[in-house]
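So in our numbering, the last one in the sequence shown is 471, and the numbering has no gaps at all.
Structure first, commentary second.
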Amino acid sequence: MTKSLKLNRLIYFITCVAALVLASFRGGPVTYTLLFGLLLIAPISLIYLLVVYVFFKLYQVLGSKHITAYEPVPYYFVLKNEYLLNFCRISISMYSTFSYIDGLEAGAMNNYELLPGESVRYDGTLICRYKGEYNTGIKAITIVDFFRLFKVTYKVPEPLGVRIFPRIVKIEQPKSFPDISVTAHRENTKLNTDYDAAVREYVPGDPQKGIHWKLTAKTGTLKSRLTYGEQKRGISIFLDTKRMSKDEYVFIPLENKCLETALALANYFSAYSIPTTIYYDQAGPVSHVCSSPQDIDRTVTKLASIKYREDEDTAQALGISTEIGAFSDCMIAFVIITTIDAEVNKRLYALSHLGIKVIVYYVSYSPELNNILSIPDIKVITVHPEDDLTEIL
79 MTKSLKLNRL IYFITCVAAL VLASFRGGPV TYTLLFGLLL IAPISLIYLL
129 VVYVFFKLYQ VLGSKHITAY EPVPYYFVLK NEYLLNFCRI SISMYSTFSY
179 IDGLEAGAMN NYELLPGESV RYDGTLICRY KGEYNTGIKA ITIVDFFRLF
229 KVTYKVPEPL GVRIFPRIVK IEQPKSFPDI SVTAHRENTK LNTDYDAAVR
279 EYVPGDPQKG IHWKLTAKTG TLKSRLTYGE QKRGISIFLD TKRMSKDEYV
329 FIPLENKCLE TALALANYFS AYSIPTTIYY DQAGPVSHVC SSPQDIDRTV
379 TKLASIKYRE DEDTAQALGI STEIGAFSDC MIAFVIITTI DAEVNKRLYA
429 LSHLGIKVIV YYVSYSPELN NILSIPDIKV ITVHPEDDLT EIL
């Protein structure tokens, strides 16, 4: 369209110059009428564009403003001519980096022509690719006049703003931790529910069904039975909250992949009722526990609200999590980070001395593999923001 506009402008300019020369040498009412008629084309075209801009209407509707990444959501837009003139050559452009319209015809965004009172509607489904808050749908509208001399492109004044929650990637057969048994157990007499024959003095808060009534009657003081049994060991996940760039086209895919990784792990272990604790920094250490499939929705909402910061210190946050015992009583620790440097390596080295298995997911566009130290009991896996987690996790 740009080449066509330039060619039409050149032809129009040459025609105006020719009419001016003709009027200068020959004169006469016909010549001057032709000259003034040509000169009026430009302002008339501009006035036409102004009229279309004012009276052209766009309506776009999204089925929901709170959706999950890669979840199809019903979407439609309506273009309407609410004036007495014919509107020609109207085209639209879409937000396409983070979302796309499935079901929209390939050439449906160019050269709409609307008669007075006419409207056009297109239905499809909107699919957002990443977690975050950003605009979707129609981004801008381009209007061209009848003579194809001028065009006006303007952004939609009220774009569709949506909040996207990270999706849950289901792991069928673990690839990055195939040697970890989800049936591992350890004794924990504080949290078991089976009662032993041994007794102790009653403590306020003990369940009534645990009271040893016969011994209580015999001694005259309340006695509670001890519990015994075994409990499955938990999982610890450290989630890096450092923002790696000011460019949303860079940091949104990175942060989305980190959240997807954490959710995929939590979802996998919660299916076996193994408690998974996710640690991250929000101007201070924060933790969230996902113990069962019923906790997944709450976990998605919690992680979607995480705030990433450029001044976040990954090594310091990992160190604080270690100091508060995040990894002291777990079956396996997962570390999801977006940068590895000397300080991070020190923290990872300290983790290797806790006697637990550690798997590091290094999420990056171009991971610096030379910065990763070879540490016993620590496995480092690189993840690109566009990788399929089912092939990695």
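Backbone N, C-alpha and C fix where the C-beta goes; we use that ideal spot for every residue, glycine too.
Only a predicted model underlies this, so the values are computations on that prediction, with no experimental measurement involved.
Cα-Cα, which of V151, G195, C166 and S169 is closest to S177?
-> V151
Enumerate in chain order the residues of its own chain whose CB-to-CB distance from L100 is below 7 Å, with the five nearest sequence positions on each side excluded.
-> T109
Since I believe S348 is in contact with S314 (beta carbons under 8 Å), could you give me their beta-carbon distance rounded to a whole number of angstroms?
-> Actually they are not in contact, since the Cβ atoms of S314 and S348 sit about 14 Å apart, beyond 8 Å.
How about G215 and L238: do their beta carbons lie closer than 7 Å?
-> yes
Going by DSSP, name the residue or residues bridged to T355.
-> S314 and V367
Determine the direct distance from the alpha carbon of Y440 to that of I418, and round the result to whole angstroms.
-> 8 Å
Relative to the alpha-carbon of D359, which residue among H366, T319, Y327 and C336 has its alpha-carbon at the smallest distance?
-> T319
Once you ignore the five residues that flank N423 on each side, which residues in its own chain have a CB closer than 8 Å to its CB?
-> N449, I450, L451 and I453
Assign G298 to one of two classes, buried (16 or more other C-beta atoms within 10 Å of its C-beta) or exposed (fewer than that).
-> exposed
Ends of the beta strand (DSSP E) at T214?
-> G210 to T214
Taking just the CA atoms, how far does I242 sit from N213?
-> 10 Å
How about G202 and I168: do their beta carbons lie closer than 7 Å?
-> no
How many whole angstroms separate the CB atoms of I221 and K229, which I take to be in contact at a CB cut-off of 8 Å?
-> 6 Å
Residues of its chain near V434, where Cβ-Cβ distance is below 7 Å and the 5 sequence neighbours each way are ignored | Going by the sequence as given, residue 434 is Ile instead of Val. These residues qualify, in order along the chain: F405, C408, I410 and A411.
Could you tell me the distance, in whole angstroms, from the CA atom of D272 to the CA atom of G288?
-> Note on D272: pLDDT 45, under 50, position unreliable in the model; no value is reported.
Thinking just about the alpha-carbon of each residue, which of F316, T377 and L118 is nearest to the one in I55?
-> With the chain covering 79 to 471 only, the question about residue 55 has no answer from this structure.
Please classify V108: does DSSP put it in a helix, a strand, or coil?
-> helix
With a 10 Å radius around its C-beta and 16 neighbouring C-beta atoms as the bar for buried, classify L332 as buried or exposed.
-> buried
Grab me the residues of T231's own chain with a C-beta within less than 6 Å of its C-beta, minus the 5 sequence neighbours each way, in chain order.
-> A218 and T220
Do A147 and C206 come within 7 Å of each other at the CB atom, strictly closer than that value?
-> yes
Residue span of the beta strand (DSSP E) that contains E191, given as start and end = Y190 to L192
Select from Q394, N159 and R226 the residue whose C-alpha is nearest the C-alpha of E196.
-> N159
Supposed close pair R387, R321 - CB separation, criterion 8 Å | 6 Å
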